[in-house]
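Residue numbers (the UniProt record's numbering), protein chains in the order written: chain H, 1 to 149; chain F, 1 to 149.
Just so it is clear, CB atoms sit at the ideal spot from N, CA and C, and this is done for glycine as well.
Down below is the structure, laid out as structure tokens.
There are 2 protein chains.
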Amino acid sequence: MTTTDGDRASVSIQDMSKISGLSEATLRYYEKIGLIGPVPRDESSGHRRYGGHAVVMIEALGCLRATGMSVQDMRDYLRFLDGREDNAALMRELFERNVSRIQEEIERMHVRRRYLALKAELWAARERGDADGESRIVPEIAAAREGLR
Amino acid sequence: MTTTDGDRASVSIQDMSKISGLSEATLRYYEKIGLIGPVPRDESSGHRRYGGHAVVMIEALGCLRATGMSVQDMRDYLRFLDGREDNAALMRELFERNVSRIQEEIERMHVRRRYLALKAELWAARERGDADGESRIVPEIAAAREGLR
DNA sequence: TTGCCCACCTGAAGCGCTTGAGGTCAAGCG
DNA sequence: CGCTTGACCTCAAGCGCTTCAGGTGGGCAA
């Protein structure tokens, strides 16, 4: 998993991917856009070797990304972490904003599920030739559509 | 909103956008990728004019898109609608698959919300210099992280 | 030694849109 | 009548990745 290289542990991109949950392609992409600073390379092969500090940081990024946080917010997160000043309030706000975002998404998801479930029911009614059921569902779909926005 | 053109109502792209909830850019994009077949144009200006049939169809597409349905599924939906055969079962399956997709998304959202809410609490504790609170939250975050995947 | 496979590399294209730049057409106004 | 305004047009680039094509280095078996 890790190889010893002098006295520093170094991690391959494959292992970094397993540890963080970010794909290898995403790890390269994040480096390219400067979200993670240049990763040292193995002299002879040119392969990336992630050092201890980077491993911890990227692991955290993996969690944030897994919540759907934007790249910009991840940038801010890293900036707040690095800064010498006390950024606790900014951090709290960053996470609170993201909680609200998720909350809204959840609510929209419920509306969507209802609409799709009704559509499934509609076609199930048609499948069994149930014209009555069909005409009961149609107005419900119309109502559900309103909330879809 | 609509103009009369012979005996057929025709709708501008702006109005089509308002009706369907799809942006003008998306309407052009859907046409480009062949999801909606070529839209007739106004002779002199070259502007798109959506006819009655297209309006109804695109309105429906707008709802499906609003639920997060994939372009491929929308293609299938249109194909099933058009077909002469009885596609009720295929339709039902298509919608049921999408209900499941949303269901899974909702569940993942709950995990994400919990993780982010804990992170917000952590920084709130740090903000008020509450080391006790902080050490209570840290293990909860570790636990919540497990579910994130 | 040769050959092979694996992990890794880079660069480009694709996805589903959105955003922006730059240009045309028709109508209304001074 | 020219001028502005607005709605529309096309083409190109950007976003956050993913996927693919084509190539290199290193280790191991035959």
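Just the Cα atoms here: how many angstroms apart are residue i and residue j?
i                : j                : result
GLY133 (chain H) : ILE58 (chain F)  : 26 Å
ARG101 (chain H) : ILE137 (chain F) : 22 Å
LYS18 (chain H)  : VAL55 (chain F)  : 48 Å
VAL71 (chain H)  : ALA131 (chain H) : 50 Å
CYS63 (chain F)  : ARG126 (chain H) : 20 Å
MET91 (chain H)  : ARG145 (chain H) : 38 Å
TYR30 (chain F)  : SER45 (chain F)  : 21 Å
GLU121 (chain F) : THR26 (chain H)  : 29 Å
PRO139 (chain F) : GLU105 (chain F) : 25 Å
PRO38 (chain F)  : GLU24 (chain F)  : 15 Å
GLY34 (chain F)  : ALA124 (chain H) : 29 Å
LYS32 (chain H)  : MET74 (chain H)  : 15 Å
THR67 (chain H)  : TYR77 (chain H)  : 14 Å
MET16 (chain F)  : LEU22 (chain H)  : 40 Å
ARG128 (chain F) : PHE80 (chain H)  : 17 Å
THR4 (chain H)   : GLU43 (chain H)  : Unreliable placement is indicated for THR4 (chain H), whose pLDDT of 45 sits below 50; the coordinate value is still reported in the next sentence. Approximately 14 Å between the Cα atoms of the pair.
LEU94 (chain F)  : SER135 (chain H) : 21 Å
HIS53 (chain H)  : GLN103 (chain F) : 37 Å
THR2 (chain H)   : ARG41 (chain H)  : The predicted model places THR2 (chain H) with a pLDDT of 46, which falls under 50 and marks its position as unreliable; any figure quoted below should be read in that light. One C-alpha to the other measures close to 14 Å.
MET69 (chain H)  : MET69 (chain F)  : 22 Å
ARG28 (chain H)  : ARG28 (chain F)  : 33 Å
From the options, pick the residue whose C-alpha is nearest to that of residue i; which is it?
i                : options                                : result
ARG113 (chain F) : F:MET91, F:GLU43, F:TYR50 and F:LEU148 : F:LEU148
ILE36 (chain H)  : H:ASP82, H:SER44, H:GLU43 and H:ASP42  : H:ASP82
ALA142 (chain H) : F:MET74, F:GLU140, F:ALA60 and F:ARG41 : F:ALA60
ARG65 (chain F)  : F:GLN103, F:SER20 and F:PHE80          : F:SER20
Can you tell me where the alpha helix (DSSP H) holding residue i begins and where it ends?
i                : result
GLU96 (chain H)  : 88 to 127
VAL56 (chain H)  : 52 to 66
ASP132 (chain F) : 131 to 148
GLU24 (chain H)  : 24 to 32
VAL71 (chain F)  : 71 to 82
ILE13 (chain F)  : 13 to 20
What does residue i touch in chain F if you count any residue whose Cβ is under 9 Å from its own?
i               : result
GLN14 (chain H) : None at all; the shortest Cβ gap to chain F is about 18 Å.
What does residue i touch in chain H if you count any residue whose Cβ is under 7 Å from its own?
i                : result
MET109 (chain F) : ILE102, GLU105, ILE106 and MET109
ALA88 (chain F)  : TRP123, ARG126 and GLU127
Starting from the beta carbon of residue i, find every residue of chain H whose beta carbon is closer than 9 Å, and list them in chain order.
i                : result
MET57 (chain F)  : Chain H residues near MET57 (chain F): none, gap ~15 Å exceeds 9 Å.
LEU148 (chain F) : GLY21, GLY62, CYS63, ALA66 and THR67
List, in order along the chain, the chain F residues whose C-beta lies closer than 8 Å to that of residue i?
i                : result
GLU96 (chain H)  : ALA120
ARG136 (chain H) : Ordered by position in chain F, no residue passes the 8 Å Cβ test against ARG136 (chain H), which lies about 16 Å from the chain.
ARG112 (chain H) : ALA66, THR67, GLY68 and ILE102
Which chain F residues are close to residue i, counting only those with a beta carbon under 7 Å from its beta carbon?
i                : result
LEU116 (chain H) : THR67, PHE95, ASN98, VAL99 and ILE102
MET91 (chain H)  : TRP123
ARG145 (chain H) : CYS63
The segment 49 to 57 of chain H touching the segment 11 to 18 of chain H, judged by at least three CB pairs closer than 8 Å: yes
Meets three-Cβ-pair contact criterion under 8 Å: the segment 95 to 110 of chain F and the segment 116 to 128 of chain H: yes
Contact between the segment 71 to 91 of chain F and the segment 102 to 109 of chain H (3+ Cβ pairs under 8 Å): no
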